[in-house]
Amino acid sequence: MTVEVRGLGVELGGRPVLAGVSLDAPAGSWTAVIGPNGAGKSTLLRSVLGLLPAEGEVRVAGEDPRTLKPRQRARVVAYAPQAPNLPAGMTVFDYTLLGRSPYIPHLGRESARDRAIAGEVLERLDLTSFADRSLDQLSGGERQRVVLARALAQQTSVLLLDEPTSALDIGHQQQVMELIDRLRLSDGLTVVTTIHDLTLAGQYADSLVLLSAGRVAADGPPGEVLTRDAIEEHFDARVHVAEGPGGRPVLSLERP
Ligand SMILES: Nc1ncnc2c1ncn2[C@@H]1O[C@H](COP(=O)(O)OP(=O)(O)OP(=O)(O)O)[C@@H](O)[C@H]1O
């Protein structure tokens, strides 16, 4: 397994937020972590990275990221947080180039290759025309793609993405999901993403993990996890589940 989590438990503010969470993501797979607001999805990603204290076992590409120095960790796993603090005044290009910092020697400068990688990533995300724009002059969706650009510039074999499409229009949602999928297929990337759009999750992920109140309520292929009953029980929503392309589930809301 490239990402392996066993019995993960996290307490925040004296309250258990995750308990007994396990997850297995084989090399080259796409796992989507779904669940209602407050279920613990972001906490799961952050504790896998070691950004929060957690009990239990975590292995990412054979290493426990919690024991690695930030620079070492950034060569193993890239993380795109949901709402990062972006340094005001920095350009889109320079921010993307930060993704190359784990490869730049201390007191050294970025190489021509680092700049070329940053440029390529921006091009793939439709951001070339924004390269010289300051981060505080972007729309929410543009900002979200820039955060993904920085993560992709790290060129790690594992990507952890927190809600990568939440601020994107439908065209950019498709573009970002397709890009991640192409990278997964061409470079064997292992992707773990939280995502609210259940149909999108079902279209792209091999496997879903449904978190509810800090525990794994269900996991497995999209067709097994995205059932009408499970959505009603854990999201308190009435949906119709139809069979979509490739037999994958497509959900639509049913008005009561
Ligand atoms: N620093 C903190 N101290 C106390 N409780 C916290 C802290 N951070 C998060 N929580 C709580 O932990 C729970 C899980 O939060 P988390 O952000 O992981 O949920 P989520 O599933 O990602 O939610 P959403 O879908 O709304 O983004 C929530 O109930 C939240 O209020």
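Everything in the sequence shown is counted per our numbering, starting at 80 for the first residue and increasing by one.
Think of the CB as a built atom: it goes at the ideal place given N, C-alpha and C, for glycine as much as any other residue.
- A distance criterion of 7 Å places the beta-carbon of G129 beyond contact range of ligand 1, judged by its closest non-hydrogen atom.
- Restricting attention to D215, I196, E221, A195, the CA atom closest to the CA of L206 is found in E221.
- Separation of the CB atoms of V271 and V82 is rounded to 6 Å, and the pair is thereby assigned contact status at 8 Å.
- When DSSP states are grouped into helix, strand and coil, A232 belongs to the helix group.
- By the beta-carbon neighbour count (other beta carbons within 10 angstroms, threshold 16), Q282 is buried.
- Taken in chain order, the complete alpha helix (DSSP H) segments of 4 or more residues contained in the segment 130-187 are 149-155, 171-176.
- Pairing A157 with I196 gives a Cβ-Cβ distance that is not under 8 Å.
- The C-alpha of R188 lies about 42 Å from the C-alpha of N116.
- Taking the Cα of P184 as reference, the smallest distance to any Cα among M169, Q151, S208 is reached at Q151.
- Comparing alpha carbon positions, the residue from F172, A106, R94 closest to S236 is A106.
- Assignment of I274 by DSSP, reduced to helix, strand and coil, places it in the coil class.
- When rounded, the separation of the alpha-carbon atoms in M256 and G250 is 10 Å.
- Per DSSP, the continuous beta strand (DSSP E) segment holding E83 begins and ends at 82-91.
- In this structure, L239 has its beta carbon at no less than 7 Å from each heavy atom of ligand 1.
- Remark: the shortest separation between the CB of A133 and any heavy atom of ligand 1 does not fall under 7 Å.
- When the beta-carbon positions are compared, L240 and A321 stay at least 8 Å from each other.
- For R138, the CB contacts under 6 Å within the same chain, skipping 5 residues up- and downstream, are E83 in chain order.
- Placement of the Cβ of K120 at a distance of less than 7 Å from at least one heavy atom of ligand 1 is found.
- Nearest to T170 by C-alpha distance, out of L147, Q161, G198, is G198.
- DSSP links I113 through a beta bridge to L289.
- Set against 7 Å, the gap from the CB of R94 to the closest heavy atom of ligand 1 is smaller.
- Contact between the segment 258-271 and the segment 292-310 is not established, with fewer than three Cβ pairs separated by less than 8 Å.
- Around the C-beta of K148, fewer than 16 other C-beta atoms lie within 10 Å, and the residue is accordingly described as exposed.
- Here the alpha carbon of V96 sits roughly 12 Å from the alpha carbon of P132.
- Distances from the CA of A246 to each of T269, S218, S208, R229 were compared; the closest alpha carbon is that of S218.
- L330 is a Cβ neighbour of L305, given a cutoff of 8 Å.
- In terms of CA proximity to T278, G326 leads the group G326, L124, Q161.
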